[in-house]
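Numbering (the numbering used here), first residue to last: 2 to 473.
Listed below in structure tokens is the structure:
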């Protein structure tokens with residue numbers, strides 16, 4: 002199938018369209034944050050402003066796991082084109098929204114489309130390129146993630162200042178249409194072979210459990226007390242829906258998450274590891290720009306540029322290490338090293354004090370970028386290599402969705418920790434600058450757990466029944 006896909010597709014143009022879709026999906030998680038004050042001033046509804054971000058994250062995270070199996074049934078290109086069309090339509094509705102409720106609803110539509118725009122390209126790129134190039138190509142997607150995550154606030158601030166907040170959404174239209182055109186013209190993939198029905202009950206159970214978990218993480222300890230009726234009800238719903246989901250997936254004819262995925266040790270390790278990695282990414286991406294503004298008095302644009310050591314190291318290592326690891330086939334040493342370096346990076350971040358010079362901050366964040374660059378997409382490649390060809394979409398969707406779920410939960414957990422650290426302190430940038438390193442330090446023990454998980458990977462990771470490469 003891989004040779005056929007490469008022979009019938011215009012691979013460079015298809016790759017450009019896929020990466021552009023990825024860029025848009027991640028960018029719209031962060032680009033809106035800097036425009037929130039302008040949106041509230043224009044539309045009102047300050048009490049609901051958080052839902053502009055939350056509705057998008059909920060919709061994109063909850064639907065991400067579904068697109069792999071749906072594309073098995075209906076084909077990668079048609080499903081990706083529909084998702085891009087939904088994203089573009091949602092962006093247009095956001096730009097035209099007359100009230101806050103309309104904007105929140107439009108962001109939900111946009112998020113439903115965005116759920117496919119990182120998952121499906123990750124699957125398709127592994128089908129377009131030979132197996133030996135999988136790490137190198139997936140490394141580029143790690144660079145896209147880093148660029149979009151940190152560049153989002155920078156782009157959002159520039160666009161809002163220059164043209165107004167509605168253009169934050171309007172710029173998605175030409176870019177989304179270009180991605181659609183490239184995918185429609187250049188991508189030609191054979192049908193994956195999934196002719197069974199889509200597992201609708203399983204999809205509803207997974208979506209319900211995902212939404213319940215994200216709402217607990219988002220609201221617990223901030224909007225509602227942990228022992229409040231709302232949080233207890235959501236926690237109960239999470240337990241019940243998760244239990245029902247596991248029960249159903251063992252019996253469904255064409256399950257979204259086939260139980261056989263977890264028969265091998267590799268996937269039992271990579272999926273929880275992906276969630277932990279997402280949590281670490283979320284905390285750093287959201288709160289490092291805030292630290293720069295509080296500790297050094299930078300504006301949003303300056304803070305975005307000041308994160309270049311983090312972003313550029315992340316991008317470079319993700320691309321270069323992917324090529325080297327793909328050639329050797331030896332993933333575990335690099336993944337263990339990446340997790341250990343990330344643990345060191347968070348420990349160093351925890352030692353920062355407001356008076357520390359920017360050079361020290363740049364070095365510490367470059368260490369963090371090095372660790373994440375070794376981890377992010379190579380963890381996805383390990384998951385793909387461990388799966389049977391028929392389960393490639395399901396395994397990839399599960400890994401990317403677990404990372405997205407962890408990212409959302411990590412941002413919420415870091416927010417709760419920051420609120421606790423700031424409690425009782427005098428409000429102001431000095432307090433924020435002193436509190437954020439204490440929050441980020443908690444990433445160190447989480448990364449240590451990630452080290453243990455990476456060490457638990459098999460020495461060679463390949464799908465069942467396939468002879469491992471000689472160099473592994």
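All residues carry an ideal CB built from backbone N, CA and C; glycine is no exception.
Closer than 9 Å, CB to CB, is residue i near chain B or not?
i: residue 186; result: The chain inventory of the structure shown lacks chain B, comprising one protein chain alone.
What does the Cβ neighbour count give for residue i, buried or exposed, with the cut at 16 atoms within 10 Å?
i: residue 292; result: buried
i: residue 201; result: exposed
i: residue 227; result: exposed
i: residue 122; result: buried
i: residue 166; result: buried
i: residue 198; result: exposed
i: residue 250; result: buried
i: residue 64; result: buried
i: residue 128; result: buried
i: residue 420; result: exposed
i: residue 359; result: exposed
i: residue 78; result: buried
i: residue 455; result: buried
i: residue 446; result: exposed
i: residue 384; result: buried
i: residue 141; result: buried
i: residue 135; result: buried
i: residue 403; result: buried
i: residue 240; result: exposed
i: residue 362; result: buried
i: residue 97; result: exposed
i: residue 373; result: buried
i: residue 388; result: buried
i: residue 425; result: exposed
i: residue 433; result: buried
First and last residue of the alpha helix (DSSP H) that includes residue i?
i: residue 263; result: Run containing residue 263: none; DSSP gives neither H nor E here.
i: residue 103; result: 101-115
i: residue 379; result: 359-387
i: residue 430; result: 430-442
i: residue 75; result: 52-75
i: residue 207; result: 201-220
i: residue 308; result: First-last for residue 308: undefined, no H or E at that position.
i: residue 167; result: 167-171
i: residue 427; result: First-last for residue 427: undefined, no H or E at that position.
i: residue 227; result: No alpha helix (DSSP H) holds residue 227; DSSP gives it neither H nor E.
i: residue 342; result: 333-351
i: residue 18; result: 12-31
i: residue 459; result: Run containing residue 459: none; DSSP gives neither H nor E here.
i: residue 131; result: Segment: none, residue 131 is in no alpha helix (DSSP H) and carries neither H nor E.
Look at the alpha carbon of residue i and the alpha carbon of residue j, and state the distance between them as a whole number of angstroms.
i: residue 410; j: residue 52; result: 15 Å
i: residue 368; j: residue 438; result: 15 Å
i: residue 344; j: residue 355; result: 21 Å
i: residue 333; j: residue 376; result: 10 Å
i: residue 10; j: residue 337; result: 36 Å
i: residue 207; j: residue 405; result: 14 Å
i: residue 172; j: residue 248; result: 44 Å
i: residue 472; j: residue 386; result: For residue 472, the predicted structure reports a pLDDT of 33, less than 50, and the residue's modelled location is therefore unreliable. A value from the coordinates is still provided. Spanning the two alpha carbons is a distance of roughly 15 Å.
i: residue 188; j: residue 74; result: 17 Å
i: residue 379; j: residue 322; result: 9 Å
i: residue 271; j: residue 163; result: 43 Å
i: residue 40; j: residue 224; result: 21 Å
i: residue 281; j: residue 422; result: 18 Å
i: residue 429; j: residue 353; result: 18 Å
i: residue 427; j: residue 304; result: 23 Å
i: residue 296; j: residue 364; result: 16 Å
i: residue 457; j: residue 400; result: 17 Å
i: residue 253; j: residue 269; result: 21 Å
i: residue 214; j: residue 174; result: 32 Å
i: residue 288; j: residue 370; result: 15 Å
i: residue 13; j: residue 143; result: 18 Å
i: residue 62; j: residue 17; result: 23 Å
i: residue 286; j: residue 366; result: 11 Å
Rounded to the nearest angstrom, how far is the Cβ of residue i from that of residue j, given a contact under 8 Å?
i: residue 29; j: residue 68; result: 17 Å between Cβ atoms; not a contact.
i: residue 70; j: residue 394; result: 6 Å
i: residue 26; j: residue 115; result: 4 Å
i: residue 89; j: residue 177; result: 4 Å
i: residue 126; j: residue 138; result: 5 Å
i: residue 278; j: residue 451; result: 7 Å
i: residue 316; j: residue 147; result: 5 Å
i: residue 257; j: residue 107; result: Incorrect: roughly 27 Å between the Cβ atoms, too far for contact.
i: residue 483; j: residue 36; result: In the structure displayed, the chain extends from 2 to 473; residue 483 sits before or after that span and is not available.
i: residue 117; j: residue 81; result: 6 Å
i: residue 59; j: residue 104; result: The Cβ separation is near 15 Å, so there is no contact.
Query raised in the report: Okay, do the region 295-313 and the region 402-421 touch, 3+ Cβ pairs below 8 Å being the bar?
Result: Fewer than three pairs of CB atoms, one per stretch, sit closer than 8 Å, so the region 295-313 makes no contact with the region 402-421.
Report task. Take every Cβ of the region 347-357, pair it with every Cβ of the region 106-115, and state whether three or more of those distances are shorter than 8 Å. Result -> No, the region 347-357 is not in contact with the region 106-115.
Query raised in the report: When the Cβ atoms of the region 153-164 are set against those of the region 215-231, are three or more pairs found closer than 8 Å?
Result: They do not touch, by the three-pair rule.
Query raised in the report: Should the region 29-40 be regarded as contacting the region 138-153, the criterion being three or more beta carbon pairs within less than 8 Å?
Result: Taking 8 Å as the limit for Cβ pairs, the verdict is that the region 138-153 does touch the region 29-40.
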